[in-house]
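Some notes on the structure that comes next.
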Amino acid sequence: MRLSSLADYAVVMMSATARHCGGVARLNATRLAEETGLPLPTVQKLVSRLSAAGLIETGRGAAGGFRLARPAAAISLADIVEAVEGPIALTTCVDADRHDCAVEGSCRVRPHWGGVNALVRDALASVSLATISSSAGAEPAEPTFSQLDPVLRPGAGVHA
């Protein structure tokens with residue numbers, strides 16, 4: 001699974017916004033583009049999407065710009081990814097409303113994708129923007145996959 005570049009850039013942008021203004025001062029798109037190295041049109045596109053999702057507030061005029069709509073600790077990686085990409089779904093069959101898979105009737109894997117998808121979403125939801133922005137530039141923590149053990153363990157339904 002790989003996030004889109006736009007989702008990755010949104011995390012970079014939100015992290016820089018949190019570090020820069022702590023959610024209080026307003027930041028303009030040009031300055032954020034310079035600080036992050038992201039192209040200005042990309043920053044502008046992301047401001048629009050993140051604003052529509054309620055993650056940032058925007059203002060016009062001399063005192064305009066944008067800032068976090070809520071504290072960084074109350075914004076998760078899942079919030080940011082979903083603002084850019086829509087609901088997190090590893091496969092189309094995790095959407096209960098969709099029934100367009102050619103092998104749906106005989107698929108023995110479909111019942112397990114919902115649980116795996118929930119674990120991935122929960123993992124992203126467990127990491128706050130505050131954590132990401134305070135540790136930017138620090139050594140990344142070793143990933144732990146203990147949450148996946150019940151799903152991937154032989155006899156639990158999904159087998160490698």
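Following our numbering, the numbering of the sequence shown begins with 1 at its first residue and continues without gaps. Glycine included, each C-beta is placed from N, C-alpha and C at the ideal position. Note that the coordinates shown come from a computational prediction; the quantities given were computed from them, not determined experimentally.
{"query": "Per-residue DSSP class, three states only, for Arg31", "result": "helix"}
{"query": "Exposure label - Met202; buried when at least 16 CB within 10 Å", "result": "The first residue shown for the chain is 1 and the last is 160, placing residue 202 beyond what the model contains."}
{"query": "Neighbourhood of Ser173 by C-beta distance below 7 Å, restricted to the same chain and skipping five residues each side", "result": "This structure leaves residue 173 out entirely; the chain is present only between 1 and 160."}
{"query": "Strand pairing of Gly59, partner residues [DSSP]", "result": "Gly65"}
{"query": "Beta-carbon contacts of Leu6 that lie in its chain and below 8 Å, excluding the five residues immediately before and after", "result": "Thr42, Lys45, Leu46, Val84, Glu85"}
{"query": "Opening and closing residue of the alpha helix (DSSP H) in which Ser133 lies", "result": "129–134"}
{"query": "Between the CA atoms of Ala78 and Ala53 - distance to the nearest angstrom", "result": "12 Å"}
{"query": "Span separating the alpha-carbon of Asp95 from that of Gly105", "result": "15 Å"}
{"query": "Those runs of the alpha helix (DSSP H) which lie wholly inside the segment 71–123 and span at least 4 residues", "result": "77–85"}
{"query": "Under 7 Å between C-beta atoms of Ala69 and Ile80", "result": "no"}
{"query": "Best match in Arg19, Leu27, Glu34 for proximity to Gly61 [C-alpha to C-alpha]", "result": "Leu27"}
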